[in-house]
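In the numbering used here, the protein residues as written are 148 to 339.
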Ligand SMILES: [Zn+2]
């Protein structure tokens with residue numbers, strides 16, 4: 148059975164150009180306000196992606212993030228996209244999950260976020276939605292996912308899917324706009 152996996156992009160464009168301490172702090176504040184979590188751990192994946200987490204991620208978790216980015220970059224190149232295909236371009240926030248099982252009882256660590264444009268859609272839980280991941284900034288490329296203790300393939304999938312929004316934003320703005328909002332249908336993978 149195909150898992151319903153909601154990964155979303157925010158619609159208030161947050162531009163944080165560069166990487167001064169003040170800009171890093173703005174990104175951190177944004178991640179903390181979206182999730183309600185405090186990200187006290189800062190590490191890099193073996194391939195150089197930036198990780199901010201609520202607790203120290205396992206090496207298997209970090210490798211799964213890298214695998215998601217590797218898959219993303221491969222499919223992006225197939226589509227002739229060239230911008231933002233470096234591991235170090237990405238900042239990934241690993242938040243505490245707000246649920247670990249979906250409505251069918253399947254393992255599905257997700258974060259709860261305000262419903263916004265998803266209000267009234269099939270995803271609406273009463274003012275909020277459960278998302279597998281969420282883009283929180285475009286420059287630098289940043290998104291939030293939930294902590295996983297198993298099913299790490301799902302981590303790779305969520306990373307790849309969130310990354311699709313970011314790659315499209317930087318390489319094909321019209322296609323980004325056409326695919327960013329899943330509230331009226333459409334999902335992942337976008338890139339084939
Ligand atoms: Zn999405």
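Even glycine gets a Cβ: it sits at the ideal position worked out from N, Cα and C.
Check                                                                                                    : Outcome
Local conformation of residue 323 per DSSP, three classes                                                : helix
Pairwise C-alpha distance: residue 195 and residue 187                                                   : 19 Å
Separation of residue 262 from residue 238, as counted between CA atoms                                  : 24 Å
Within 8 Å, strictly: CB atoms of residue 277 and residue 289                                            : no
Rounded separation between residue 174 and residue 284 - CA only                                         : 7 Å
The region 196 to 207 / the region 251 to 258 touching (three or more Cβ pairs under 8 Å)                : no
Residue 153 in three-state terms, based on DSSP                                                          : coil
Bounding residues of the alpha helix (DSSP H) (the contiguous stretch that carries residue 298)          : Counting along the chain, residue 298 falls outside any alpha helix (DSSP H), and DSSP gives it neither H nor E.
Reduced DSSP secondary structure (H/G/I, E/B, other) of residue 247                                      : strand
Residues that DSSP places opposite residue 277 in a beta bridge                                          : 259
Buried or exposed by the 16-neighbour rule on C-beta atoms within 10 Å, applied to residue 191           : exposed
Pairwise C-alpha distance: residue 308 and residue 335                                                   : 6 Å
Inter-stretch contact at 8 Å, needing at least 3 Cβ pairs: the region 231 to 246 / the region 291 to 301 : yes
Closest residue to residue 313 among 220, 302 and 178 (Cα-Cα distance)                                   : 220
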